[in-house]
Amino acid sequence: MKTRNTQKRTFRRRRSRRTKRKRKGAVQTTKKQRGGDEGDILLIDASFRGDLVKVRELIKAGAAVNQANVNGHTPLVHASSNGHLEVVRELIAAGADINKGDYKDHTPLVFASTKGQAKVVLELINAGADINQRDIRGWTPLMFASENGDADTVRVLILAGADINLTREGGGTALTIASSRWGVVDVVRELIAAGAAIDQGDNNDQTPLMVASKWGRVDIVSELIGAGAAIDQANIDGKTALYIASDNGQVDTARLLLEKGASIDQAENDGHTPLMIASSKGHVDVVRALIEAGAALAKAANLGYTPLMMASLNGNDGVVRELINAGALETKPADTHRVMRNAIRIQNVAMIKMIVKRLNEDDKLRKAVPDKNAIQNELVSFAEYTNNDELLDYLVSVGITNKGMRKMREKDRQKKTLASSVPKKIPTEVVREITKYMGGKTRTKR
């Protein structure tokens with residue numbers, strides 16, 4: 032006898048097989064969506080497939096041209112999205128609502144613009160489609176076309192009178208969208224040529240140049256700068272295009288901005304410069320490019336942190352090496368102790384060695400560093416506490432501690448290890464021998 036769960040599983044398998052047998056690509060709807068008329072759903076399906084003969088047959092039979100499925104997609108939406116131009120013309124001639132949107136207010140023109148169907152876009156516009164109609168997020172057909180990266184569709188919309196400087200919800204124009212990660216430079220050119228506002232920011236004052244810099248779009252950055260984009264304009268947080276490129280590790284973009292005259296030490300609202308944020312994030316290539324361009328090594332943020340401090344605090348060895356080699360310690364010797372403490376705090380031996388090596392190589396720097404004894408004591412204490420033989424040997428080699436002290440500590444450690452290895456119950460004579468070796472005295476019971 033089958034259980035209830037077994038019956039359910041059997042039903043699901045049968046239903047799955049029936050679903051697989053359905054024709055691939057057909058538009059699926061429920062009975063409720065059909066509105067009680069089989070012809071309406073068949074018209075949606077025929078429009079989706081671009082079957083012009085079937086579309087004409089169904090329209091002649093009285094199928095509703097504006098009947099939508101559960102997502103609000105009409106036959107015209109499906110035909111427009113898939114580029115079936117003749118079907119689009121047939122539906123429009125039969126009275127299809129050109130500006131009817133789905134549940135997101137996406138009209139047939141939006142779908143055609145999104146899919147790069149330039150000929151359909153032109154047909155819809157000529158038939159009276161609202162070229163600037165917005166969806167629920169404030170996006171226009173031009174914005175969708177710009178995001179899709181189809182220059183032909185963008186050109187058609189612009190020539191038809193689309194407002195190129197309308198903003199979406201949260202701000203940002205079609206040019207902002209075209210300048211993003213997946214943007215196409217030809218679309219950017221079309222928008223600029225049509226008079227797009229190059230420096231118009233969104234609600235956070237983020238301009239197209241900043242967006243392109245974030246994603247490392249060197250081609251678009253070059254195009255925007257060539258068209259006159261304000262290279263040092265800052266957003267609501269005080270961040271410039273160079274700062275944003277440095278923050279995201281976009282070294283090629285940073286180099287281009289520097290070549291074009293970007294202000295290298297312009298800080299954001301908290302006083303962080305491009306070099307500081309690149310040092311903090313560990314972007315070695317960006318740090319190198321900024322240093323080569325003359326970035327200030329010792330400039331401090333509002334809380335007093337310098338690039339070297341930020342790099343050491345985050346354990347970025349490569350950046351610390353670049354900054355030290357560029358003379359960051361010599362520029363501000365007073366930071367040496369804090370940088371060393373950061374290295375000790377995160378237990379970064381490689382970084383400690385870098386700093387000690389620099390101090391040993393430069394007599395002038397060593398004399399300029401305050402609290403040298405405190406630094407040495409902290410180093411030795413750290414090496415002992417962590418039982419780091421490699422670091423202790425290194426400190427001996429550079430003269431920070433001596434071999435006698437090193438041997439004495441090694442002997443103490445061996446004694447402790449030997450004592451800890453003694454079992455709880457052992458013969459008395461063995462205890463005497465171990466204690467004698469360790470330099471102690473034995474107690475005998477009376």
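Residue numbers for the sequence shown follow this note's numbering, so the first one is 32 and each next one is one higher.
Ideal placement from N, C-alpha and C gives every residue a C-beta, glycine not left out.
These figures come from a predicted structure and were not determined experimentally.
- Message: Report the start-end ranges of each alpha helix (DSSP H) in the stretch 268-298 that is 4 residues or longer and not cut off at the edges.
- Response: Those alpha helix (DSSP H) runs which fall completely within the stretch 268-298 and span 4+ residues are 272-278, 282-290.
- Specify the secondary structure class of G232 as computed by DSSP and reduced to three states. If you number the sequence shown from 1, residue 232 lands on position 201. G232: coil per DSSP, three-state reduction.
- Query: Is A228 near the ligand NAD, in the sense that its beta carbon is under 7 angstroms from a heavy atom of that ligand?
  - Reply: No copy of the ligand NAD appears in this structure; indeed no ligand is present at all.
- Spatial neighbours of L116 in its chain, beta-carbon cut-off 7 angstroms, leaving aside the 5 residues before and after: Working through the sequence shown from its first residue, we reach residue 116 at position 85. Within the same chain, K150, V151, E154 come within 7 angstroms of L116 by CB-CB distance, once the 5 residues on both sides are set aside.
- Message: My assumption, with CB atoms under 8 angstroms, is that N266 sits in contact with N235. Please give the rounded CB distance.
- Response: Numbered from 1 along the sequence shown, position 235 holds the residue referred to as residue 266. Numbered from 1 along the sequence shown, position 204 holds the residue referred to as residue 235. Contact holds; Cβ gap of about 6 angstroms.
- Message: Just to confirm the assignment: which complete alpha helix (DSSP H) runs, minimum length 4, are found wholly within the stretch 293-351?
- Response: Counting only runs of 4 or more, we get 305-312, 315-323, 338-344.
- Query: Touching or not, the stretch 333-352 and the stretch 304-324, by the rule of three or more beta carbon pairs under 8 angstroms?
  - Reply: Yes: at least three Cβ pairs fall under 8 angstroms.
- Task: Pull up the distance between the alpha-carbon of K55 and that of G192, whole angstroms please.
- Result: Here residue 55 refers to the residue found at position 24 when the sequence shown is read from its first residue. Here residue 192 refers to the residue found at position 161 when the sequence shown is read from its first residue. Confidence is the limiting factor: at K55 the pLDDT is only 44, short of 50, which leaves the residue's position unreliable and the question unanswerable from this model.
- Going by CA-CA distance only, name the one from V185, P172, R376 that's closest to S412. For the purposes of this step, residue 412 is taken as the residue at position 381 of the sequence shown. Considering only alpha carbons, the answer is R376.
- Message: My output table needs one value for D183: the three-state DSSP class, helix, strand or coil.
- Response: The residue you call residue 183 lines up with position 152 of the sequence shown. DSSP places D183 in helix when its eight states are reduced to three.
- Query: Just to confirm, are L354 and L396 a CB contact at a threshold of 8 angstroms?
  - Reply: Residue numbering aside, residue 354 sits at position 323 when the sequence shown is read from its first letter. Residue numbering aside, residue 396 sits at position 365 when the sequence shown is read from its first letter. Against a cut-off of 8 angstroms, the Cβ pair of L396 and L354 comes out as no contact.
- Which value, in whole angstroms, describes the spacing of the CA atoms of V387 and N279? In the sequence shown, counting from the first residue as 1, residue 387 sits at position 356. In the sequence shown, counting from the first residue as 1, residue 279 sits at position 248. C-alpha of V387 to C-alpha of N279: approximately 31 angstroms in a straight line.
- On the premise that A260 lies in contact with D217, defined as a C-beta separation below 8 angstroms, what is that separation, rounded to the nearest angstrom? Your numbering for residue 217 matches position 186 in the sequence shown. Your numbering for residue 260 matches position 229 in the sequence shown. Incorrect: roughly 18 angstroms between the Cβ atoms, too far for contact.
- Go through its chain and collect everything with a Cβ distance to D166's Cβ below 6 angstroms, but skip five positions before and after it. Within the sequence shown, residue 166 is the residue found at index 135, counting from 1. For D166, where only same-chain residues beyond five positions count, the Cβ hits under 6 angstroms are K135, D136, H137.
- Task: Buried or exposed for P305, please, with buried defined as at least 16 other CB atoms from any protein chain shown within 10 angstroms of its CB.
- Result: In the sequence shown, residue 305 corresponds to position 274, counting from 1. Buried, because 16 or more other Cβ atoms sit within 10 Å of the Cβ of P305.
- Message: Could you give the first and the last residue of the continuous alpha helix (DSSP H) run that contains G257?
- Response: By one-based count along the sequence shown, residue 257 stands at place 226. Unbroken alpha helix (DSSP H) run through G257: 249-257.
- Does the separation of the CB atoms of N140 and S78 fall below 8 angstroms? Taking the first residue of the sequence shown as position 1, residue 140 is located at position 109. Taking the first residue of the sequence shown as position 1, residue 78 is located at position 47. Residue identity differs from the one stated: residue 140 is Leu in this sequence, not Asn. No, Cβ-Cβ distance for L140 and S78 is not below 8 angstroms.
- To the nearest angstrom, report how far apart L93 and N113 are at their CA atoms. The count along the sequence shown starts at 1 and reaches residue 93 at position 62. The count along the sequence shown starts at 1 and reaches residue 113 at position 82. It is worth fixing the name first, because residue 93 is Gly in this sequence and not Leu. Rounded to the nearest angstrom, the two C-alpha atoms are 24 angstroms apart.
- Query: Nearest-angstrom Cα distance between E200 and E221?
  - Reply: Here residue 200 is taken as the residue at index 169 of the sequence shown, counted from 1. Here residue 221 is taken as the residue at index 190 of the sequence shown, counted from 1. Cα to Cα, the separation comes out at about 23 angstroms.
- Query: What separation, rounded to the nearest whole angstrom, lies between the Cα atoms of L321 and L107?
  - Reply: The residue given as residue 321 occupies position 290 in the sequence shown. The residue given as residue 107 occupies position 76 in the sequence shown. If I take the Cα positions, the gap works out to 55 angstroms.
- Task: In angstroms with no decimal places, state the Cα-to-Cα distance between T145 and N157.
- Result: As a position in the sequence shown, residue 145 is number 114, starting the count at 1. As a position in the sequence shown, residue 157 is number 126, starting the count at 1. Going by C-alpha positions, T145 is about 18 angstroms away from N157.
- Give the DSSP-derived three-state secondary structure of E200 in the structure shown. Reading the sequence shown from its first residue, position 169 is the one you call residue 200. Three-state result, E200: coil.
- Task: Alpha carbon to alpha carbon, how far is V315 from E290? Give it in angstroms, no decimals.
- Result: The residue you call residue 290 lines up with position 259 of the sequence shown. The residue you call residue 315 lines up with position 284 of the sequence shown. Their backbone Cα atoms lie some 19 angstroms apart in a straight line.
- Assigned secondary structure, A414 (DSSP; H/G/I helix, E/B strand, else coil): Working through the sequence shown from its first residue, we reach residue 414 at position 383. In the structure shown, A414 sits in a helix (DSSP, three-state: H, G or I).
- Query: Near A57, which residues of its chain fall below 6 angstroms by C-beta distance, leaving aside the five closest residues on each side in sequence?
  - Reply: Indexing the sequence shown from 1 puts residue 57 at position 26. Residue confidence is low: A57 scores 46 on pLDDT, short of 50, so the model does not pin down where it sits. No coordinate-derived value is stated.
- Item | Where W213 falls, given that 16 or more other Cβ within 10 Å makes a residue buried | Residue mapping note: residue 213 aligns to position 182 of the sequence shown, counting from 1. That one is exposed.
- Item | Option nearest R352 by Cα separation, candidates S294, R372, M385 | As a working note, residue 352 is residue 321 in the sequence shown. Comparing Cα positions, the closest option is M385.
- Message: Measuring alpha carbon to alpha carbon, tell me which residue in A243, A258, V282, I189 is nearest S211.
- Response: Here the question's residue 211 lines up with position 180 in the sequence shown. Looking only at A243, A258, V282, I189, the smallest Cα-Cα distance to S211 is reached by A243.
- Are A125 and V96 close, meaning C-beta to C-beta below 8 angstroms? As a working note, residue 125 is residue 94 in the sequence shown. As a working note, residue 96 is residue 65 in the sequence shown. Yes, the Cβ-Cβ distance between A125 and V96 is below 8 angstroms.
- Inter-residue Cα distance where the pair is V101 and R168: Taking the first residue of the sequence shown as position 1, residue 101 is located at position 70. Taking the first residue of the sequence shown as position 1, residue 168 is located at position 137. If you take the alpha carbons of V101 and R168, they lie about 20 angstroms apart.
- Task: Look at the alpha carbon of H368 and the alpha carbon of N300, and state the distance between them as a whole number of angstroms.
- Result: Taking the sequence shown and counting its residues from 1, one reaches residue 368 at position 337. Taking the sequence shown and counting its residues from 1, one reaches residue 300 at position 269. Straight-line Cα distance between these residues: approximately 27 angstroms.
- Could you have a look at I111 and say whether DSSP puts it in helix, strand or coil? By one-based count along the sequence shown, residue 111 stands at place 80. Note on residue identity: the sequence assigns Ser, not Ile, to residue 111. In the structure shown, S111 sits in a helix (DSSP, three-state: H, G or I).
- Query: What is the DSSP secondary structure of I377, reduced to helix, strand or coil?
  - Reply: Within the sequence shown, numbered from 1, the residue matching residue 377 stands at position 346. It is coil, neither helix nor strand.
- Item | Residues near D250 by beta carbon distance below 6 angstroms, same chain, minus five either side | Here residue 250 refers to the residue found at position 219 when the sequence shown is read from its first residue. Answer for D250: V216, listed in chain order.
- Message: Taking its Cβ as the centre, do 16 or more other Cβ atoms sit within 10 Å of A381, making it buried, or is it exposed?
- Response: The residue you call residue 381 lines up with position 350 of the sequence shown. Answer is exposed; the Cβ neighbour count stays below 16.
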